[in-house]
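Single-structure report; data block below.
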């Protein structure tokens, strides 16, 4: 089965790109390839000018660890770690010094000051996704990949998360690629790419507008 | 049929899908079953085989007559002249070593012409008169491997005798299984060869078929007061009675691995229940009853048990080959001379394997099956529910553990039943159960504490591993319990054996004070009563290096329906040099004086416990042609004979049994004598006799070798239990990896390297090993006290001084910890190899 075919896109630093399309159209595969989580069977994905196909597991891991931040639809917080511990986890994995200090900064950024000691099950859905955003940003990645970040949240909470992403993109200059099936959400992005059956629709702007 | 289909789809199919986990569980059960089967088979082969040689020649006798020191031949003459239908067979019994093969075999003397037995048996070849006239003719069993007409050289007492094989005995029709190697010769020839001229060891009494009249009283009238008339086969029964405690202890040890296996089945079925909670909810909503759900999960346990039993049976048969050798040697060294019989799988063995395999599986899966059946469809939540339950009931289980431990301690205070410490076994099992109940609480505390400890070497992986284990406490604690029990048993047996060894070593050093020891060559078994020629003693006494010679003589006796050993020695000589420790009795000097001057004896601690005999009591012994009342002068610590040892002065015993030949002698050298030179000179002076002269240190070393060999099987059984636990740990970690694959996937996405994921799983296995070691140490210490103070004492009657075998414990704990790390290697590889995308996509 081909998940993506004939897709050529260039994303510049600081962009906020929305990727829309129906379920199974290849949005997640696109993000996985962009985030060095997967390798294309044909073609190439360049991150920072280097093809992922030429990277070994250690280099791909380094890309994920240093250059990419992920946000998932179902938050994917580790249930055994507190909120702040979840946030500092990427820094610990990279053996960064003083991870707690940086994690608390991010907790403040996402508006969860004082909730750091709570375990995931003690947080609401919106709060969990904010923790996930903080975790994705804690190591200051160049790109934030968000896979249906509001797919599991109510409208009000979704709006808050989208505000947060916009704020991150605008104020921190972080490049964001967000997969969503919601046109309203996609409207928050600077560019929209439409995927259909693994291909980009002709009207999708493949370069920054 | 429909139920079978459902069972296949819901239970069998998932088991087949998870091959690694299922294989590990089945293998664990198979190992548990195999050791039970192996010990059962080996126990049968090694402890029942002595009837093969002795009872083969017993025939259909109703009674047997025995007398310590031998029955005068004249008594036999009187018996055969008794009017009536009774027939009598005389026997000489001894042992000889087959030169060239080094095998110690029983040697029997029978009346080849007149023996009533032979006339009714077809398995012994009717010898030609010329053979009997030919005094060096012997008949042998096929297992000796010597053909008719060939020569066989036997080392009998301290001489070498050469015989010609007159025929091979047909043992194919023998009752009671295969017959071991033995040599049969004419009575008079056996009397000569075994130094029993004028004496008989045993007389069998045969009654005609259908005889109902009790003729025992009539027979007794023709016997001297010292002779004992008893039902035929009583010796074997007594020996078996003695062996019962030994067999029970080994049997109980063999069940440890199975108990550990039970925890693993419990864990496997629990995991199945947790994973299939949504499915349970669905099938319950679709109309399945609670009992159907319960039966389904019991069936899963049953399948695992049956597969384990099927695999364990042939494995047990194979393991029995090694076990029978070890057990056979122990039986020979401590109880009765006998070559192990053949190992055969009987229908009962198959039934035993099926019963223990399936039985333990059903018992282990009962609780999870009940839990599965108890859930309402709406409660069909995943692990969270179970973990919640585990967390909330931890305190309750701690109280139950305390209660169970108190009851168990109380049970340990109860006396044995028929010399089997059943209450002690149950008490030990209760302590194990208490530890299992406490495990969740202790594990939770330990995992919390070890989080920081493991973060140092493993970094964040250590912290994540600890958190993950703590979050899966319901299943983690089951594995920790299994591992702890295996470790505890290893430790407790190690402490018990180490303490026992130290006690025995100390006792040997106190008791064996002579410089050299001399005894007939080839003597092996505990009831091997070979003797030395008086000439040997005279020659040794004549050596310029020798200060004194202590002549030691032993006899098999029967007391209170159990076998015992009566020994005599030169008490004054022994008293002047030994440092015997007494359990009961006055000052040592008073004891020695009493022994040297009156009909008194010292009884060993096992004898004291078995027969409740104390200082001042009178024991009536039948010695020679007399019944003699001996006063108990003291009870001493003695580890020489499990059946009990009675010791009196040589000169006193010779009043009743005037046989001056010693079984062995202890040689004290003159001060300043060169031991090497003395040994060489003595060896030269007795070169015509087949004797072995060993130094004090060698005797001690040899004794400890026998000791170590005796307990080798205990260690082997514990090692199997550890292997079972390790398999369980590997299975549990694998399950944990599979169940937490999403979290591992997220870690990889967040930048964790494969090495970090591997470290995480290895850290988990390390933590489980550490917690298991800790609980195992505490439980092992408690169990060792039960083993030493209760089970050993009630079974064998020995006092063991507590001793910490530090080296062994460190080695055992390191090995267990290392093995637990090894158990994590495969799950760690699986965890690291998982593709994070695949994992997240599955979720």
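Chains as they are written, first to last, in this note's numbering: chain A, 1 to 209; chain B, 1 to 843.
Idealized CB from N, CA, C, for every residue including glycine.
None of these values were measured; they are calculated from a predicted model.
Check, Outcome
"C-beta contact flag for residue 641 of chain B and residue 604 of chain B at 8 Å", "yes"
"Below-8 Å beta-carbon distance, residue 95 of chain A vs any chain B residue", "yes"
"Three-state secondary structure (DSSP) of residue 259 of chain B", "helix"
"Three-state class that DSSP yields for residue 631 of chain B in the structure shown", "strand"
"Any alpha helix (DSSP H) of 4 or more consecutive residues that is wholly inside the region 570 to 614 of chain B", "571 to 577, 588 to 597, 605 to 611"
"Interface flag, residue 836 of chain B vs chain A, CB-CB below 8 Å", "yes"
"Burial state of residue 698 of chain B, where buried means 16 or more other Cβ atoms lie within 10 Å", "exposed"
"Euclidean distance between Cα positions of residue 153 of chain A and residue 123 of chain A", "13 Å"
"Close-in-space but distant-in-sequence residues of the same chain around residue 494 of chain B (CB under 7 Å, 5 per side omitted)", "805, 808, 809, 812"
"Contact test: residue 691 of chain B Cβ vs the ligand GTP heavy atom, cutoff 7 Å", "In the structure shown, the ligand GTP is absent, as is every other ligand, since no ligand is present at all."
"Straight-line gap, residue 584 of chain B to residue 326 of chain B (C-alpha atoms, nearest Å)", "35 Å"
"Residue burial classification, residue 221 of chain B (beta-carbon count within 10 angstroms, cutoff 16)", "exposed"
"Pair within 8 Å by beta-carbon distance, residue 730 of chain B and residue 454 of chain B", "no"
"For residue 246 of chain B, three-class secondary structure by DSSP", "helix"
"For residue 476 of chain B and residue 388 of chain B, the rounded distance between their alpha carbons", "Any reading at residue 388 of chain B needs caution, since the residue's pLDDT is 48, under 50, leaving its predicted position unreliable; the model's value is listed next. Going by the C-alpha atoms only, they are around 14 Å apart."
"Contacts that residue 752 of chain B makes with chain A (C-beta to C-beta distance below 7 Å)", "93"
"Integer-rounded CB distance, given that residue 112 of chain A should sit under 8 Å from residue 142 of chain A", "With a Cβ gap of about 24 Å, residue 142 of chain A and residue 112 of chain A do not count as contacting."
"Residue 204 of chain B (DSSP reduced to helix, strand or coil)", "strand"
"Beta carbon of residue 537 of chain B nearer than 8 Å to that of residue 549 of chain B", "yes"
"Span of the alpha helix (DSSP H) around residue 847 of chain B", "The question about residue 847 of chain B has no answer, for chain B in this structure spans 1 to 843."
"For residue 428 of chain B and residue 783 of chain B, believed in contact at Cβ under 8 Å, the rounded distance", "6 Å"
"Spatially closest choice to residue 649 of chain B from B/601, B/81, B/622, by CA coordinates", "B/601"
"Partners in chain B for residue 70 of chain A, counting only beta-carbon separations shorter than 8 Å", "749, 750"
"Limits of the beta strand (DSSP E) - the one that residue 153 of chain B falls within", "151 to 156"
"Those residues which DSSP pairs with residue 192 of chain A across a bridge", "A/18"
"Classification of residue 406 of chain B by the beta-carbon crowding that lies within 10 angstroms, buried from 16 upward", "exposed"
"Partner residues on chain D for residue 22 of chain A, Cβ-Cβ distance less than 7 Å", "The displayed structure is made up of protein chains A and B, and chain D is not among them."
"Identity of the residue in B/31, B/639, B/794 nearest residue 317 of chain B by Cα", "B/31"
"Chain-ordered residues of the region 161 to 176 of chain A with a beta carbon less than 9 Å from chain B", "none"
"Simplified DSSP assignment, three categories, for residue 68 of chain B", "strand"
"Residues, ordered as in the chain, of the region 44 to 61 of chain A that lie near chain B by beta-carbon distance below 9 Å", "57, 58, 61"
"Residue 586 of chain B, buried or exposed, once every other Cβ within 10 Å from all chains shown has been counted against 16", "exposed"
"Residue 106 of chain B burial status per 10 Å Cβ neighbour count (16 or more: buried)", "buried"
"Alpha-carbon to alpha-carbon, residue 828 of chain B and residue 516 of chain B", "60 Å"
"Among B/610, B/532, B/817, the one whose alpha carbon lies nearest that of residue 693 of chain B", "B/532"
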